[in-house]
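Undergrad: Supplied in structure tokens, the structure appears directly below.
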Amino acid sequence: MSYLRTLIFCLPLAFISGLATAQSTSIAFGTIKADPSLPVEVTSDTLEVNQVDGSAQFLGSVLVVQGVMRLSADNVLVIYKPEQKGIDRLEATGNVILVNGPDAAEAERAEYTIDSGTIVMNGNVLLSQGNSTLASSQMVVNLNSGTAQMSGRVKTILNPDGNN
Numbered sequence: 000m001s002y003l004r005t006l007i008f009c010l011p012l013a014f015i016s017g018l019a020t021a022q023s024t025s026i027a028f029g030t031i032k033a034d035p036s037l038p039v040e041v042t043s044d045t046l047e048v049n050q051v052d053g054s055a056q057f058l059g060s061v062l063v064v065q066g067v068m069r070l071s072a073d074n075v076l077v078i079y080k081p082e083q084k085g086i087d088r089l090e091a092t093g094n095v096i097l098v099n100g101p102d103a104a105e106a107e108r109a110e111y112t113i114d115s116g117t118i119v120m121n122g123n124v125l126l127s128q129g130n131s132t133l134a135s136s137q138m139v140v141n142l143n144s145g146t147a148q149m150s151g152r153v154k155t156i157l158n159p160d161g162n163n
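Under numbering that gives the first Met the number 0, think of the first position of the sequence shown as 0, with each following residue one higher.
Quick look at the structure:
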């Protein structure tokens, strides 16, 4: 009888932990590790600079290039470190596309923290790698290691013939 109670208690716990791992996955991103220490080139239709809060808003067909990494969006807000000592982070919104080598991801928004080399993409994330695609709510890309972590109802289609 105690065996049955233990089984009844532990079985739901095992099921719940299995669900948690099914909602997150780690993958390689890009064939080359990006270098977050390289200069950042930004091109857009217009630029608005706010001297008060130390930010710059790039609007319309924005393209951000840093080494092999390319990020495009409708709008990109550049937030500088205190006393204008370099870029703290970039906040991209609207039709965000991130390309690194042959891999590409799209999302509704992304935040790129320069010093850590981390890009967090949120909102209907779709990652394309060759013939494979993965979808999720969030993807965190580490440009230093060339890896990404997808979480929030990760979905993909696996082909039994290996042509993924």
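Just so it is clear, CB atoms sit at the ideal spot from N, CA and C, and this is done for glycine as well.
At 3 residues or longer, what runs of the beta strand (DSSP E) sit wholly inside the region 30 to 77?
TA: Counting whole runs of 3 or more residues, the region 30 to 77 contains the beta strand (DSSP E) stretches 40 to 42, 45 to 49 and 54 to 65.
Undergrad: Is the beta carbon of A134 closer than 8 Å to that of V119?
TA: Result no, Cβ atoms of V119 and A134 do not sit closer than 8 Å.
Undergrad: Answer yes or no: do N99 and A55 have a C-beta to C-beta separation smaller than 8 Å?
TA: Contact: no.
Undergrad: Using DSSP's beta-bridge definition, name the partner residues of N141.
TA: Per DSSP, T117 and T146.
Undergrad: Roughly how many whole angstroms lie between the Cα atoms of I122 and A104?
TA: Correcting the residue identity first, residue 122 is Gly in this sequence and not Ile. About 11 Å.
Undergrad: When DSSP builds the beta bridges, which residues end up paired with N99?
TA: DSSP lists M68 and D102 as partners of N99.
Undergrad: Kindly list the residues whose CB is nearer than 7 Å to the CB of V39, restricted to its own chain and excluding five residues on each side of it in sequence; keep chain order.
TA: If we look at V39 and ignore the five residues flanking it on each side, its Cβ neighbours are V63, Q65 and I86.
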